[in-house]
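Q:
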Amino acid sequence: MAPLLVVGLALCLSGTWAVDKGNFKTCEQSAFCKRQRALKPGESPYRALLETMELTNTRLTLQLINDNNKVRLLLELYRLQGNITRVKINELKPLKPRYEVPDVLIREPTTEPLSVLSQDENGVVLSLGVESQRVIISARPFRLDIMEGSDVLMSLNSRGLLAFEHLRMRKDTFSYKVTSTVASVWDNIKRTTKEEEEKVEDGMWEETFKSHTDSKPNGPSAVSLDFSLPGVEHVYGIPEHADTLRLKTTDNGDPYRLYNLDVFQYELYNPMALYGSVPVMVAHSPQRTTGIFWLNAAETWVDISSNTTVFGKMLDYVQGSSETPQTDVRWISESGIIDVFIMLGPTPKDVFSQYASLTGTQSFPPLASLGYHQCRWNYNDQEDVKSVDAGFDEHDIPYDFIWLDIEHTDGKRYFTWDPHKFATPKEMLQGLMDKKRKMVAIVDPHIKVDSNYKIHNEIRSLGFYVKNKDGGDYEGWCWPGSASYPDFTRADMRAWWASMFAYDQYEGTMENLHTWNDMNEPSVFNGPEVTMHKDAMHGSWEHRDIHNLYGLYVQMATAEGLIQRSGGVERPFVLTRAFFAGSQRIGAVWTGDNAAEWDHLKISIPMCLSMGLVGISFCGADIGGFFKSPSTELLVRWYQAGAYQPFYRAHAHLDTPRREPWLFGPENTALIREAVRQRYTFLPYWYQLFYRRDLLVHPVVEEGARGVTAYLPGKDEVWFDVHTFQKHNGAQNLYIPVTMSSIPVFQRGGSIIPRKLRVRRSSTCMEHDPYTLYVALNLQRTADGELYIDDGHTFNYEKKEFIYRKLTFANKVLSSVNLAPDAKFTTDSWIERIIVLGASKPSKVTLKTADGQEKQLEFDFNASMSVLTVRKPGMNAGADWTVTFQ
Amino acid sequence: MRVYIIVAAVFWCGYVDSRKVRGISSSYKRFYRERKSFLCIDGSRMIPFEQVNDDYCDCEDGSDEPGTSACPHGRFYCTNLGFRPHYIPSSRVNDGICDCCDASDEYNSHTRCQNTCWNLGQRERAYVEGQMRTLDEGLRLKQQLIEEGVLLWREKQAQLRELQQVAEDLQVKLEEHRRKKHEADRLKEQTLKALEAGNSGLIRHQNSSVTSIFHLLDTNKDGSLTVDEIKAKVVLVHDEQRVLSEGEALALLDRGHRMDLSKFQSTLWDVLTRGDTVKIKDTQGAPGSLSSEDPHLKAADKAAEWEATNLKKVEEAYETVNMEISDLQKKLAIDYGTDWEFLFLNGQCYKLKVYEYTYTLCPFNQVTQKSTAGVEVSLG
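Below, the structure written as structure tokens:
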């Protein structure tokens, strides 16, 4: 009842099917953002005190002074392995420690030597070691320029917007008065004569938003820094926003906001904060790609401006100037320190691997989780689950996971089952296991305050709850009614949480049950902006400091639980809604509560691509849309688009009519079946490549579309339609007529993609199936690809139990070479077919296996399409072989 | 007999099909008669016969691989000897899940499947027999219910006819009683009018009446009327409520304080019989006593009252009967099935407990939902 009530209430409040913007702050309503944004460029009070510079082999430190208030900052500069420069700025002597984000970097980054090239009273020039890269530190005002040759790659504080609000005593408090009285006369004189009296502005010591008061006992603590990117017109990243892939300039509106929030019915095409935050921006130009990783977990706003916006362009036109394009960005965070990683590329791929070297790569998911997921709020009971499962068999549609939302629990007490509706969960899970299928059940981080609930009692008695500002357990309102929130920032709390997933703790579970963490922003229905009060306490840190990190910790603890329950053997699958930098190491992410609208289908593509650019590749949107009910056409198109997005799950709101794939007439069932089957044929590709650039997908996202125009990149590239094998040249806008069954997908010439065409009930059923190799030749008549095989679900690949092979087509010979000779794994899978696209007709095709035996292969050549199909070569997928086309 | 057929069938299969093509039904065997080549069933292609069921899909229609999972849209025939044969999609061949009860779909997989057809068949047969028994029992019950229903129906019809007869009779009676009551009322009216007419005549023309009025007014029976007696019994015609004043009474007594019968006859009697200024007060029993004393009126009144009571009784009876008729008609208008087999449900109620709710279904009547908290909601 509670969810309905709350949803109903929210509906009443908003009145329409759209977010109530008034529930969320604008920059103007967020005191620190307003303060910081009011600063004018070109008036930096900061000066580098060069005489304080210290350089050990790999670490440079230097003090900065704010000439207005004489507060000193400490700058640290490191050169990191892999063309990364790290700049840290903190107060030299803060009143108390300021928060530095832990657990996001995979390890302390490896540093490389720095050396001073030259130095005078105006600045210092440091060598970054490679390719004539240098850092120029200017003293007055303080400024950093990173150079390569004569090019400036990036400048810091070039606009003078560095601002660091030092921690201070509150002047109207007793303790301040005592301190100032006791302080020596000299100090007092110094204070009054030398320092400018600090202005106390509204919102520094207390801030109220919509009846919620933030007590701010530590006062102002914001940090901010600007970056200039010469030569850059396009910047990307800083998810999560429901906006275009390319970030827009923010001069005429709010900055992009990073603050994990449960936004009810979010609006598209604006910079409002959503469920997750990754403070990483990628700057791209044809010459160079760089990245900025701003490691701060507090509320953050990012301003972007450019000299090539309409105004700039007009200026160019009028003056005929050849000014280089430049993008300026500015980061503002509410607390913590400045800790920024400047990733210097130079290629996009370099930036991605630089970022991965800091925060890790996408966790290797269990193969089955790349299959299709069937979800809704809610499958009512075991009988319902059984009949939906049977529906998939009856309609011959593959699926791997069926999901249970919050209603499966006993009164929203996570880790429990409704005693009536899910009385025998193991029986249900066994039924799924018999079909080689799996289940996901939701476990949210808000815990019902109920003295008869074991989980609550234990967390309370262990003192693991987040505390309110007065030291009591923080309580808020969520699905179960009154709820408390475990302090996931504590390692001991996370270890305890993980232990709750053991089979003997979480009763009714089996190894084919996986987990979904929702509401982990955290969502607090009656909290400010539907989240936790910033003055809530996580040990000695305020929620303000750690907010954007909370969701990552929830997913981390949950995934650890799933690993532990299997004795460290099985790869976990955990879906999260809230995320931060590093969440990619843990599991999958989805774009939250979208709606059944064409625009939401469209936006799912840039939203997931934005996350992919900053490492979170295992992303998807609710197929069909969560709120409202999709038209049949929209649903089919969404299934088709989703088949080529990493995480493929249909989901729907409690109040919407049922929409299992077979409920829309046989014709549409067939269209959806075909889309899901295409997904399954590509599973080997999804699994091993996670992801290459060999497929180009242009799903149809317009209502009533008769055709789409796709840009096929690459001047010397060719692309093959994967359905018709039609060949197209690159570097063109291709118009593709479409029908309801069309999903325009192209394979790049020069690539080899292994597929499994025997689509079965679930991915696990396809484990031993043979491969078909799609060899798409480029203009040079070559192609290459890889083939990776392991058991699909354990960590044994870490023990070198896998097959990893290089497939190469050159000089009319296709060969399979072992890329990991020290790895051991055997497979039943074999090569059943080779399809060469863009081929010419051979006179004979010969297979040569490792034992030296040769065999003539049958083939079929379609001259009109230049497609050669080799029939049943039959060699094992893990073996060495060559196929020669004479 | 059945056993012989099965044995013969097994024998025949084993004998004729030494090179059995996997995954086809006997009706499709004619397409797979071994020759040098095989024509895809859709006629699209000719392939060497060795390529039938060689785990590679050559025919568009999947007909060359009835026994493997090679073709995306093929189908596999589970013979399921001892149970029911059926087709499964080719994708379920060797997928590690036992689909055919004869285990024939998992001939080359990591999963060991048991042949469960005989058991399933047994169970199926037992089930079907059970079903048959249940069905027979059900039919028997139905027949019984139909018979009961028909009887009940007839009974109700007879009841209806009876009631309608009663209603008709009552109607006749009712009219008679209405007439009688009307008659009695009329008689009473007449008597009353006659009496009233007689009264005024008597007052004017008969001494005895003068005497009786005098006596009526002479409350203390002392042979003379006083001011107080006049005030007590005489009122103005136009203002009956007001008690006469001393002066007015005195005037009626012709200014004397006492008035004897002879004086009354010559003075006040005339005024009273004229009846335009004063009259005798309608005290209890004054005119009533006049009429109630009349035996004719008394009889007429009683008769009217009697007839009214009778009429009311008959009317009530008629109404009751009509109500019963319409009830019965309503019930009889419901569709109880072609043979009135559902008639017995009328008047029954059934309860079902689902979690915290108790549902009560009274067919042809109402459905309610009652929670353990005691809240009852009508569902129609």
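Protein chains in written order, with UniProt numbering: chain A, 1 to 886; chain B, 1 to 380. Here a beta-carbon is modelled for each residue, glycine too, at the ideal position from N, C-alpha and C.
1) Helix, strand or coil, according to DSSP, for E458(A) in the structure here?
2) Locate the beta strand (DSSP E) running through F392(A), then write down its first and last residues.
3) Spell out whether any CB of chain B is found under 8 Å from the CB atom of D396(A).
4) Let me make sure I understand the geometry here. Which of F415(A), F627(A) and D303(A) has the alpha-carbon closest to that of A498(A)?
5) Taking CB distances under 8 Å as the criterion, tell me whether K370(B) reaches chain A.
6) According to DSSP, is N122(A) part of a helix, a strand, or is it coil?
7) I'd like the ranges of any beta strand (DSSP E) spanning at least 3 consecutive residues and lying wholly in the region 11-72 of chain B.
8) Assuming S335(A) and R544(A) form a contact by the criterion Cβ under 8 Å, report the distance between their Cβ atoms to the nearest whole angstrom.
9) Over what stretch of residues does the beta strand (DSSP E) that includes L513(A) continue unbroken?
10) Just verifying my parser: in three-state terms, what is the DSSP assignment at A158(B)?
11) Determine which residues share a DSSP beta bridge with A48(A) and list them.
12) For D95(B), go through chain A and note every residue whose CB falls closer than 7 Å to its CB, in chain order.
13) State the Cα-Cα distance for the pair S617(A) and Q645(A), rounded to the nearest angstrom.
14) Mind listing the chain A neighbours of S69(B)? Cutoff is C-beta to C-beta under 9 Å, in chain order.
15) Output yes or no for whether 8 Å exceeds the beta carbon distance between F24(A) and L274(A).
16) Give the C-beta separation of D350(A) and N83(A) to the nearest angstrom, bearing in mind that I take them to be a contact with Cβ-Cβ under 8 Å.
17) Out of curiosity, what's the CA-to-CA distance linking E702(A) and V340(A)?
18) Kindly indicate which residue of E165(A), A139(A), P279(A) and G371(A) has the alpha-carbon position closest to the one of S762(A).
19) Which residue comes first and which comes last in the alpha helix (DSSP H) that contains H238(B)?
20) Is the CB of H284(A) under 8 Å away from at least one CB in chain B?
21) Can you check whether the CB of L367(A) is closer than 8 Å to the CB of T300(A)?
22) For P89(B), return the contacting residues in chain A, with the cut-off set at a CB-CB distance below 8 Å.
23) In the DSSP output, which residue or residues are listed as bridge partners for W477(A)?
24) I'd like to know if R413(A) contacts chain B, where contact means its C-beta is closer than 8 Å to some C-beta of that chain.
25) When you compare the CB of P72(B) with every CB in chain A, is at least one pair closer than 8 Å?
26) Can you give me the start and stop residues for the alpha helix (DSSP H) that Y318(B) sits inside?
27) Distance cutoff 8 Å, beta carbons only. Does Y336(B) sit that close to anything in chain A?
28) Measuring only the C-alpha atoms, how far is R140(B) from A308(B)?
29) Can you give me the Cβ contacts of I189(A) inside the same chain, cut-off strictly under 7 Å, excluding the 5 residues immediately before and after it?
30) Quick one, which of T846(A), G527(A), K844(A) and K872(A) has its alpha-carbon nearest P834(A)'s?
31) Have a look at C57(B) and V93(B) and give me their C-alpha separation to the nearest angstrom.
32) Only counting the same chain, and skipping five residues up and downstream in sequence, which positions put a Cβ closer than 8 Å to that of H728(A)?
33) As a quick exercise: from R159(A), G129(A) and H241(A), pick the residue whose alpha carbon is nearest that of P606(A).
34) Check whether the Cβ atoms of T409(A) and Q382(A) lie closer than 8 Å to each other.
35) So with CB distances below 8 Å, who are the chain A contacts of Y56(B)?
36) H177(B) by DSSP, collapsed to three states: which one?
A: Reading it off the structure:
1) For the purposes of this step, residue 458(A) is identified with residue 458 of the first sequence, where counting begins at 1. Helix at E458(A).
2) Position 392 of the first sequence, counting from 1, holds the residue named residue 392(A). No beta strand (DSSP E) holds F392(A); the alpha helix (DSSP H) holding it covers Q382 to E394.
3) For the purposes of this step, residue 396(A) is taken as residue 396 along the first sequence, with counting starting at 1. Cβ-Cβ to chain B under 8 Å: yes for D396(A).
4) Reading the first sequence from its first residue, position 498 is the one you call residue 498(A). Of the listed residues, the one whose Cα sits closest to A498(A) is F415(A).
5) In the second sequence, counting from the first residue as 1, residue 370(B) sits at position 370. With respect to chain A, the C-beta atom of K370(B) has no partner C-beta closer than 8 Å.
6) Locating residue 122(A) in the first sequence gives position 122, counting from the first residue. Three-state result, N122(A): coil.
7) Runs of the beta strand (DSSP E) inside the region 11-72 of chain B: 37-39 and 46-48.
8) Residue numbering aside, residue 335(A) sits at position 335 when the first sequence is read from its first letter. Residue numbering aside, residue 544(A) sits at position 544 when the first sequence is read from its first letter. Between S335(A) and R544(A), the beta carbon gap of about 5 Å places them in contact (Cβ cut-off 8 Å).
9) Taking the first residue of the first sequence as position 1, residue 513(A) is located at position 513. L513 to N517 is the extent of the beta strand (DSSP E) around L513(A).
10) As a first step, residue 158(B) must be located in the second sequence, where it is residue number 158. Helix.
11) If you number the first sequence from 1, residue 48(A) lands on position 48. BP columns for A48(A) point to L64(A).
12) Position 95 of the second sequence, counted from the start, is the residue given in the question as residue 95(B). Here the neighbours are R760, R761 and C765.
13) Looking up residue 617(A) in the first sequence gives position 617. Looking up residue 645(A) in the first sequence gives position 645. Distance between the alpha carbons of S617(A) and Q645(A): 9 Å.
14) What you label residue 69(B) is simply residue 69 of the second sequence in a count that begins at 1. Result: R758, R760 and D769.
15) Locating residue 24(A) in the first sequence gives position 24, counting from the first residue. Locating residue 274(A) in the first sequence gives position 274, counting from the first residue. If you check the CB distance, F24(A) and L274(A) do not come in under 8 Å.
16) Taking the first residue of the first sequence as 1, we reach residue 350(A) at position 350. Taking the first residue of the first sequence as 1, we reach residue 83(A) at position 83. The distance from the Cβ of D350(A) to that of N83(A) is about 7 Å, consistent with a contact at the 8 Å cut-off.
17) Along the first sequence, one-based indexing puts residue 702(A) at 702. Along the first sequence, one-based indexing puts residue 340(A) at 340. A direct Cα-Cα distance of roughly 40 Å separates E702(A) from V340(A).
18) For this step, residue 762(A) is matched to residue 762 along the first sequence. Relative to S762(A), the option among E165(A), A139(A), P279(A) and G371(A) whose CA is nearest is G371(A).
19) As a first step, residue 238(B) is located in the second sequence; it is residue number 238 there, counting from the start. For H238(B), there is no enclosing alpha helix (DSSP H), since its DSSP letter is neither H nor E.
20) To locate residue 284(A), count along the first sequence from 1; it is residue 284. It does not: the Cβ of H284(A) has no partner Cβ on chain B nearer than 8 Å.
21) As a position in the first sequence, residue 300(A) is number 300, starting the count at 1. As a position in the first sequence, residue 367(A) is number 367, starting the count at 1. A distance of 8 Å or more separates the beta carbons of T300(A) and L367(A).
22) Here residue 89(B) corresponds to residue number 89 of the second sequence, with the count starting at 1. Neighbourhood of P89(B) in chain A, by CB distance below 8 Å: D396, in chain order.
23) The count along the first sequence starts at 1 and reaches residue 477(A) at position 477. According to DSSP, which records beta bridges pairwise, W477(A) is partnered with S482(A).
24) Working through the first sequence from its first residue, we reach residue 413(A) at position 413. Chain B, which has no Cβ nearer than 8 Å to the Cβ of R413(A), makes this no.
25) Working through the second sequence from its first residue, we reach residue 72(B) at position 72. Closer than 8 Å: yes.
26) In the second sequence, counting from the first residue as 1, residue 318(B) sits at position 318. For Y318(B), the uninterrupted alpha helix (DSSP H) run begins and ends at P295 to A333, by DSSP.
27) Indexing the second sequence from 1 puts residue 336(B) at position 336. Between Y336(B) and chain A, the shortest Cβ-Cβ separation is not below 8 Å.
28) The sequence position of residue 140(B) within the second sequence is 140, counting from 1. The sequence position of residue 308(B) within the second sequence is 308, counting from 1. Straight-line Cα distance between these residues: approximately 57 Å.
29) For the purposes of this step, residue 189(A) is taken as the residue at position 189 of the first sequence. Model confidence at I189(A) stands at a pLDDT of 46, short of 50, so the residue's coordinates are unreliable; what they give is reported in the following sentence. Cβ neighbours of I189(A) beyond the five flanking positions: none.
30) Mapped onto the first sequence, residue 834(A) falls at position 834. In the sequence as displayed, the identity of residue 834(A) is Ile instead of Pro. Of the listed residues, the one whose Cα sits closest to I834(A) is K872(A).
31) Residue 57(B) sits at position 57 when you count from the first residue of the second sequence. Residue 93(B) sits at position 93 when you count from the first residue of the second sequence. Their backbone Cα atoms lie some 14 Å apart in a straight line.
32) By one-based count along the first sequence, residue 728(A) stands at place 728. The residues L712, V718, W719, F720, D721, L734 and F746, in chain order, have a CB closer than 8 Å to that of H728(A) in the same chain once the five nearest residues on each side in sequence are set aside.
33) Here residue 606(A) refers to the residue found at position 606 when the first sequence is read from its first residue. Residue H241(A) is the option with its Cα nearest to P606(A).
34) Working through the first sequence from its first residue, we reach residue 409(A) at position 409. Working through the first sequence from its first residue, we reach residue 382(A) at position 382. No, the Cβ-Cβ distance between T409(A) and Q382(A) is not below 8 Å.
35) The count along the second sequence starts at 1 and reaches residue 56(B) at position 56. Chain A residues near Y56(B): E832, R833, R871 and K872.
36) By 1-based counting over the second sequence, the position of residue 177(B) is 177. Three-state DSSP puts H177(B) in a helix.
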